[in-house]
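Working notes for the structure below.
Number of protein chains: 2
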Amino acid sequence: MTKEELFKEIKEKESFLCVGLDTDIKKIPSHLLKEADPVFEFNKRIIDATEKFAVSYKPNIAFYEAMGPKGWESLQKTLEYIPKNCFTIADAKRGDIGNTSSLYARAFFDKSASGMSFDSITVAPYMGEDSVKPFLDFDEKWVILLALTSNPGSKDFQQLSVGDEKLYEKVLRTSSQWADSERLMYVVGATKASLLKEIRAIIPNHFLLVPGVGAQGGSLEEVAKNGMNSECGLLVNSSRGIIYASNGEDFGKTAAKEAEKLQVQMADLLNQYL
Amino acid sequence: MTKEELFKEIKEKESFLCVGLDTDIKKIPSHLLKEADPVFEFNKRIIDATEKFAVSYKPNIAFYEAMGPKGWESLQKTLEYIPKNCFTIADAKRGDIGNTSSLYARAFFDKSASGMSFDSITVAPYMGEDSVKPFLDFDEKWVILLALTSNPGSKDFQQLSVGDEKLYEKVLRTSSQWADSERLMYVVGATKASLLKEIRAIIPNHFLLVPGVGAQGGSLEEVAKNGMNSECGLLVNSSRGIIYASNGEDFGKTAAKEAEKLQVQMADLLNQYL
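For the record, the sequence lines run as chains A and B.
The first sequence maps to residues 1 to 274 in the numbering used here.
The second sequence maps to residues 275 to 548 in the numbering used here.
Next up, the structure:
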């Protein structure tokens with residue numbers, strides 16, 4: 001999916017919502033456990049319930065990997081089921097030497113090899129340029145690079161001073177030379193909405209994937225105010241706040257309600273700041 | 275496996291060799307492709323051929339992941355096949371917020387969930403303490419944290435100055451507070467053998483996993499001279515130099531020969547520096 005196509009979806013749905021499919025077999029409603037593939041069944045119903053309100057879906061790969069080979073089958077089926085007009089993100093936080101990263105790219109982008117072809121993958125920056133580049137060798141696929149994350153541990157290294165800037169700023173500045181905003185996005189945690197303005201000064205045009213709105217307490221209003229650009233430039237993720245909003249048989253309806261609440265706010269914010 | 279048990283194996287085999295199972299279906303000898311599971315068949319023969327000379331095996335997870343669910347089945351079977359006295363490393367470079375890292379830990383350490391229980395996993399440090407700690411919640415399992423890697427991209431961020439030290443030194447110093455040398459090891463690329471002395475000053479007791487000897491040109495002699503401690507403290511990995519030493523039907527024999535060459539050098543170095 002191109003940046004232009006993504007922006008078109010955002011305008012049509014009046015939403016920049018990404019639904020995080022952090023689907024834990026230990027947390028889904030118990031009545032689904034009788035299904036042949038409970039994880040896929042859960043995802044299917046979540047997607048059905050939320051697709052009107054979301055422009056993107058982000059399976060968190062750890063949750064599927066934790067189930068062994070059958071988890072990967074659930075993941076494949078889930079990816080197939082996501083409507084083609086939605087931007088798909090493999091939230092995998094991969095990254096290794098070039099030779100190995102090219103295999104990770106094969107895993108998430110080359111359907112003939114792995115059975116899956118996501119639009120994008122999240123990548124960790126620690127190993128530098130040659131660990132990121134192999135993902136960009138696939139046409140029309142995106143890298144979403146970790147810059148500033150929303151967890152407490154982001155203080156340990158990301159926020160250290162490197163010369164006259166923070167490490168995450170250095171990561172933004174350096175990596176923005178590797179690909180333009182048509183192929184590269186960044187993960188920027190919403191708990192630092194106040195820093196979004198400074199981040200926008202470094203990368204005005206790139207899309208930002210913003211986790212941590214909702215459960216982790218970030219404010220959507222602040223994110224839009226400081227982070228939106230002329231093509232929206234934001235994908236805001238909500239996982240647990242939507243998919244686990246109810247643990248009963250009504251979990252689909254409740255997920256839809258939560259997704260719609262965010263979409264309505266997002267429509268307002270798009271009107272206000274775009 | 276405990277540190278004491280690992281050191282015992284090293285002394286018995288007179289080896290600190292780790293064989294990297296970077297098994298690419300596109301590179302294995304063609305006569306294996308008629309097998310039901312060519313990747314497992316290849317690994318089985320490599321393990322049979324090298325187990326006398328190696329104390330550790332390190333499947334590179336990307337290579338299995340690139341094949342989808344059946345790759346994970348090959349990985350499970352490979353792990354089952356590795357002799358129990360060998361230290362097993364899931365070279366996965368994972369790391370995410372705490373909640374997600376605990377699922378990655380489940381994937382590689384909890385056999386009841388994923389079908390696999392490695393002794394250790396490689397982890398990327400960028401997201402800080404709470405992204406690493408969940409892996410340490412599993413008793414007797416190890417984290418092998420990326421510090422200084424052997425690829426060109428290690429210059430981009432790892433070698434930047436943070437105050438009066440390099441980022442990778444800061445990673446060593448900070449993370450060595452999270453767990454002691456009974457649970458934590460580090461990845462240190464052999465192409466920087468000259469830096470090993472300085473690294474040893476920061477973490478005298480931790481084991482180092484050293485990739486990049488052989489194919490990438492690091493010198494085993496230099497690594498041992500600068501990196502060995504009183505419990506050896508080194509696992510030196512060789513992947514392509516062993517497993518792809520021959521592409522013919524004799525690949526097992528050739529792998530054994532290459533592994534033995536390294537083991538003989540290692541025996542000498544253990545005598546000299548231990």
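Glycine included, C-beta positions come from ideal geometry on N, C-alpha and C.
Chain-order list of residues whose beta-carbon lies under 8 Å from that of residue i (same chain, five-residue window excluded)
i        : result
B/Leu482 : Met459, Tyr460, Val461, Val462, Leu470, Ile473, Gly501, Gly507, Leu508 and Leu509
B/Phe392 : Leu353, Thr362, Ile363, Ala364, Phe382, Phe383 and Lys415
A/Tyr273 : Ala224, Lys225 and Met228
A/Leu160 : Lys166 and Leu167
Whole-angstrom distance between residue j and residue i, CA atom to CA atom
i        : j        : result
A/Asn271 : A/Asn229 : 12 Å
A/Ile82  : A/Glu51  : 8 Å
B/Leu552 : B/Ser450 : Within the shown structure, residues of chain B are numbered from 275 to 548, placing residue 552 of chain B beyond reach of any answer.
B/Ala323 : B/Ala519 : 13 Å
A/Val132 : B/Glu278 : 37 Å
A/Trp72  : B/Asp454 : 34 Å
A/Val213 : B/Thr276 : 41 Å
B/Trp452 : A/Leu262 : 38 Å
A/Asp139 : B/Leu291 : 39 Å
B/Glu505 : B/Val436 : 31 Å
B/Phe316 : B/Gly526 : 9 Å
B/Ser512 : A/Ile121 : 29 Å
B/Gly372 : B/Pro408 : 6 Å
B/Thr374 : B/Glu339 : 18 Å
A/Ile203 : B/Leu446 : 30 Å
A/Lys170 : B/Pro426 : 17 Å
B/Ala533 : B/Lys358 : 19 Å
A/Asp130 : A/Leu167 : 18 Å
A/Ile288 : B/Ala467 : Look at the range of chain A in this structure, 1 to 274, and you will see that residue 288 of chain A is not part of it.
A/Lys257 : A/Asn205 : 32 Å
A/Ile242 : B/Pro485 : 43 Å
A/Asp22  : B/Leu377 : 10 Å
A/Pro69  : B/Phe327 : 31 Å
B/Glu496 : A/Pro59  : 44 Å
B/Glu456 : B/Asp430 : 31 Å
A/Pro67  : A/Thr191 : The question names Pro, yet the displayed sequence has Met at residue 67 of chain A. Whole-angstrom Cα-Cα distance: 30 Å.
B/Tyr582 : B/Gly294 : No answer is possible for residue 582 of chain B: it lies beyond the span of chain B, which begins at 275 and ends at 548.
B/Lys301 : A/Lys111 : 19 Å
A/Lys8   : A/Ser15  : 11 Å
A/Thr174 : A/Leu136 : 16 Å
B/Glu309 : A/Ile61  : 30 Å
Cut-off 6 Å between Cβ atoms - residues of its own chain near residue i, not counting five sequence neighbours on either side
i        : result
B/Gln539 : Leu494
B/Asp311 : Ser348
A/Leu6   : Phe87
B/Met401 : Gly369
A/Lys13  : Val55
B/Ala398 : Lys367, Gly369 and Leu420
B/Ala541 : Glu288
Simplified DSSP assignment, three categories, for residue i
i        : result
A/Asp48  : helix
A/Gly20  : strand
A/Tyr81  : helix
A/Tyr289 : The question about residue 289 of chain A has no answer, for chain A in this structure spans 1 to 274.
B/Lys367 : strand
A/Val210 : strand
A/Ile121 : strand
B/Ser493 : coil
B/Ser375 : helix
A/Thr2   : coil
B/Leu548 : coil
B/Lys300 : coil
B/Asn317 : helix
A/Tyr87  : According to the sequence displayed, residue 87 of chain A carries Phe and not Tyr. It is a strand residue.
A/Asn205 : coil
B/Val329 : coil
A/Ser238 : strand
Cut-off 7 Å between Cβ atoms - residues of its own chain near residue i, not counting five sequence neighbours on either side
i        : result
A/Gly248 : Pro29
A/His31  : Glu249
A/Thr149 : Gln158, Val187 and Gly189
B/Gly389 : Gln350
A/Phe40  : Ser74, Lys77 and Thr78
A/Arg106 : Ala113 and Ser114
Check your understanding: Of all the residues that make up the stretch 329-344 of chain B, which are near chain A by a beta-carbon distance shorter than 7 Å?
Key -> Asn334, Ala336, Phe337, Glu339, Ala340, Met341, Gly342 and Pro343
Scan the stretch 149-162 of chain A for residues whose Cβ lies nearer than 8 Å to a Cβ of chain B and list them as they occur along the chain. Thr149, Ser150, Asn151, Pro152, Gly153, Ser154, Lys155, Asp156, Phe157, Gln158, Leu160, Ser161 and Val162
Entirely enclosed alpha helix (DSSP H) segments - the stretch 398-470 of chain B, minimum 4 residues
403-410 and 441-449
*asked:* Tell me which residues of the stretch 398-415 of chain B have at least one Cβ-Cβ distance to chain A shorter than 8 Å, keeping chain order.
replied: Ala398, Pro399, Tyr400, Met401, Gly402, Glu403, Asp404, Ser405 and Val406
Taking beta-carbon pairs under 7 Å, can you tell me which members of the stretch 95-106 of chain A lie near chain B?
Gly95, Asp96, Ile97, Gly98, Thr100, Leu103, Tyr104 and Arg106
Report task. Name, going along the chain, the residues of the stretch 489-518 of chain B whose beta-carbon falls closer than 8 Å to a beta-carbon of chain A. Result -> none
Residues in the stretch 520-542 of chain B having any Cβ partner in chain A nearer than 8 Å: none
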